[in-house]
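Novice: My structure is below; once you've seen it, I'll send some questions.
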Amino acid sequence: MAAEGRIPVATTATGRVLHRVHGATVAARWYGRMDATWRWDDPEGKFGVLYLGKTLIGPFAETLLRTPNDRDVLWDQVARRRAATFITTRPIRLAKVHGPGLGWFRTTVASVSADFDPVDNPGAYAVPQQISARVYENTSLDGIQYRSRFDSDELCIALFDRADDAITLRAEGVAISKSWAKKLLSDRGYTLIEL
């Protein structure tokens with residue numbers, strides 16, 4: 038890997054609000070099981086990753102819109118999730134794995150946006166996980182900035198556990214508004230279903 042100075046870097050300023058969607062029964066500040074389950078996880082389980090968004094839309098889409106062919110979203114699924122906000126306590130420096138970063142990392146949108154299906158597509162996250170491990174091991178960057186697979190207007194962050202001091206929890210366990218979810222889903226052609 039080339040020197041860190043050449044990697045396209047995005048900087049998130051001090052005082053910026055970041056968002057997360059988490060399970061209602063778990064804490065918002067969770068860096069994963071370190072078992073290489075998710076997109077930017079370390080394939081060897083040496084470091085953890087906290088998944089965040091620059092708006093609430095990105096984490097909502099990444100969590101609840103994972104099956105685009107299914108146009109119905111059950112309110113029960115939304116109600117089991119909570120919103121959390123964090124504030125950056127210092128600038129966060131992130132490897133950009135979108136735009137010019139794709140070429141720099143010798144990859145494509147398709148390679149870093151593969152759908153996860155352990156039966157039909159084992160190893161689908163191999164490319165983004167390898168990139169994450171390279172950035173972690175060879176730079177002092179705080180994580181990865183990437184585009185949501187389910188709303189490409191949304192910028193998301195995979196924050197490495199070594200950068201935990203860069204954020205402070207402002208709120209967690211906040212119920213997601215039904216009217217907000219319904220509008221967001223409707224704008225994307227989904228229907229919120231109440232049983």
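The letter at position 44 of the sequence shown is residue 81 when you use my numbering, and the numbering goes up by one with no holes. Backbone N, C-alpha and C fix where the C-beta goes; we use that ideal spot for every residue, glycine too. Note that this is a predicted model, so its numbers are computed, not measured.
Helix or strand or just coil, what does DSSP make of L221?
Specialist: Helix at L221.
Novice: Indicate the three-state DSSP secondary structure (helix, strand or coil) for G95 in the structure shown.
Specialist: Residue state, collapsed to three classes: helix.
Novice: Beta-carbon within less than 8 Å of R127's beta-carbon, same chain only, minus the 5 sequence neighbours each way: which residues are those?
Specialist: Excluding sequence neighbours, R127 sits near T51, D202, A203.
Novice: For A40, I'd like the list of residues in its chain whose CB is within less than 8 Å of its CB, leaving aside the five on either flank, ordered along the chain.
Specialist: In this prediction, A40 has a pLDDT of 48, which is less than 50 and means its spatial position is unreliable; nothing more can be read from the coordinates.
Novice: Would you be able to state if there are at least three C-beta pairs under 8 Å between the stretch 76-94 and the stretch 139-146?
Specialist: Contact between the stretch 139-146 and the stretch 76-94 is absent, because fewer than three Cβ pairs lie under 8 Å.
Novice: What residue does the alpha helix (DSSP H) around V146 start on, and which one ends it?
Specialist: Note, V146: alpha helix (DSSP H), 146-149.
Novice: In or out: R76 buried (at least 16 other Cβ within 10 Å) or exposed?
Specialist: Classification of R76: buried, given that the 10 Å Cβ count is 16 or more.
Novice: Just the Cα atoms here: how many angstroms apart are Y183 and A132?
Specialist: If you take the alpha carbons of Y183 and A132, they lie about 9 Å apart.
Novice: Here's the rule: buried if 16 or more other CB atoms are within 10 angstroms of the residue's CB, otherwise exposed. What is L206?
Specialist: Exposed, because fewer than 16 other Cβ atoms sit within 10 Å of the Cβ of L206.
Novice: By alpha-carbon positions, which one of C193, G180, R70, D190 ends up nearest to R199?
Specialist: For the residues C193, G180, R70, D190, the minimum Cα distance to R199 belongs to G180.
Novice: Taking C-beta to C-beta, are A73 and G210 nearer than 9 Å?
Specialist: No, the Cβ-Cβ distance between A73 and G210 is not below 9 Å.
Novice: Just to confirm the assignment: which complete alpha helix (DSSP H) runs, minimum length 4, are found wholly within the stretch 109-133?
Specialist: Fully enclosed alpha helix (DSSP H) runs of 4 or longer: 112-116.
Novice: Could you check whether the Cβ of P105 sits closer than 8 Å to any heavy atom belonging to the ligand PLP?
Specialist: This structure lacks the ligand PLP; in fact it carries no ligand of any kind.
Novice: Less than 7 Å between C-beta atoms, sequence neighbours within five positions excluded: which residues of the same chain meet that for P80?
Specialist: Excluding residues within five positions, the ones whose Cβ falls inside 7 Å are A73, Q166, Q167, A170.
Novice: State the Cα-Cα distance for the pair A64 and D188, rounded to the nearest angstrom.
Specialist: Rounded to whole angstroms, A64 to D188 spans 25 Å at the Cα level.
Novice: Rank I129, A218, V46, N106 by C-alpha distance to the C-alpha of V58 and give the top, closest one.
Specialist: Nearest option by C-alpha distance: A218.
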